[in-house]
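**Q** Let me begin by handing over the structure; questions about it come next.
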Amino acid sequence: MKSKSGTIFLSGLIAGTLDILAAVIIYAVVLEKTTAIKILQSIASGVFKKEAYTGGSQMAWLGLGLHYLIAFIFAWFYFIVYPYFPFLKKNLILSGALYGIFVWIVMNLIVLPITFPLLPEKHFDFPLLLSILILIFCIGLPIASVTRKFYAFR
-9 MKSKSGTIFL
1 SGLIAGTLDI
11 LAAVIIYAVV
21 LEKTTAIKIL
31 QSIASGVFKK
41 EAYTGGSQMA
51 WLGLGLHYLI
61 AFIFAWFYFI
71 VYPYFPFLKK
81 NLILSGALYG
91 IFVWIVMNLI
101 VLPITFPLLP
111 EKHFDFPLLL
121 SILILIFCIG
131 LPIASVTRKF
141 YAFR
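Counting in this note's numbering, the sequence shown runs from -9 upward without gaps.
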């Protein structure tokens, strides 16, 4: 990738796609806890609240757009901070894993509690570990990898 904006776009696109695919495959297909539409509507509910669940496919599309916006913001943030933290350059796997954990912390301990004040209490169990692993492999590692390739040519 030659441009900054292209790098951010590509890493956000890859991360956003992998993350939403993981959510749909794991929670809708494998565990059969929900549907793809409801996953996307729940993302939209961060903005549209209960109306998101009665808005049909339109709200699902808005949820998908919001999902990608969030992925692009995390891709942009990693791209901006990368040059200032030398440890990110030393080990791709470790930096991607740490960034995935950072994204989990931001989303689950800051963004979601602000957006949904009545969330259930978190417990260290398999679903929590699964959600962290999804963010490590689908968000942290792809963003770290694409960003590292950009800076390797500078």
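Just so you know, even glycine gets a beta-carbon here, dropped at the ideal spot from N, CA and C.
Would you check if the segment 52 to 61 and the segment 1 to 10 touch, i.e. whether three or more CB-CB distances between them fall below 8 Å?
**A** Segments in contact, yes.
**Q** By DSSP, does R144 sit in helix, in strand, or in coil?
**A** R144: coil per DSSP, three-state reduction.
**Q** At the level of alpha carbons, what is the spacing between I60 and V93?
**A** Roughly 10 Å between the two C-alpha positions.
**Q** On the criterion of 16 or more Cβ atoms from any shown chain inside 10 Å, does P76 qualify as buried, or is it exposed?
**A** So P76 ends up on the exposed side.
**Q** Under the assumption that G2 contacts F67 (Cβ atoms under 8 Å), give the Cβ distance between them as a whole number of angstroms.
**A** Not quite, the Cβ-Cβ distance comes to about 10 Å (not below 8 Å), so this is no contact.
**Q** Go ahead and label Q31 buried or exposed: buried means 16 or more other beta carbons lie within 10 angstroms of its beta carbon, across all protein chains shown.
**A** The residue is buried, with at least 16 neighbouring Cβ atoms inside 10 Å.
**Q** What three-state label does DSSP hand D9 in the structure shown?
**A** In the structure shown, D9 sits in a helix (DSSP, three-state: H, G or I).
**Q** Taking buried to mean at least 16 other C-beta atoms within 10 Å of its own C-beta, is A142 buried or exposed?
**A** Exposed, by the Cβ-count rule.
**Q** I'd like to check one pair, S135 with L78: are the Cβ atoms closer than 8 Å?
**A** Going by C-beta atoms, L78 is not nearer than 8 Å to S135.
**Q** Can you give me the Cβ contacts of T25 inside the same chain, cut-off strictly under 8 Å, excluding the 5 residues immediately before and after it?
**A** The residues are A18.
**Q** Within the continuous alpha helix (DSSP H) that includes F38, where are the two ends?
**A** Residues A26 to F38.
**Q** By Cβ distance, which residues of its chain are closer than 8 Å to A34, with the 5 residues on each side in sequence left out?
**A** Taken in chain order, the residues that qualify are A42, G45, M49, A50, L52, G53 and L56.
**Q** Alpha carbon to alpha carbon, how far is K40 from F106?
**A** Computed Cα separation, rounded: 11 Å.
**Q** Here's the rule I'm using: 16 or more other beta-carbon atoms within 10 Å means buried, otherwise exposed. How should I95 be labelled?
**A** Exposed.
**Q** Can you find the residues in the same chain that come closer than 6 Å, C-beta to C-beta, to G90, ignoring five residues on each side of it along the sequence?
**A** Cβ within range, chain order: L125, I126, I129 and G130.
**Q** Return helix, strand or coil for H222, following the three-state DSSP convention.
**A** No information on residue 222 is available, as it lies outside the stretch -9 to 144 that the chain covers here.
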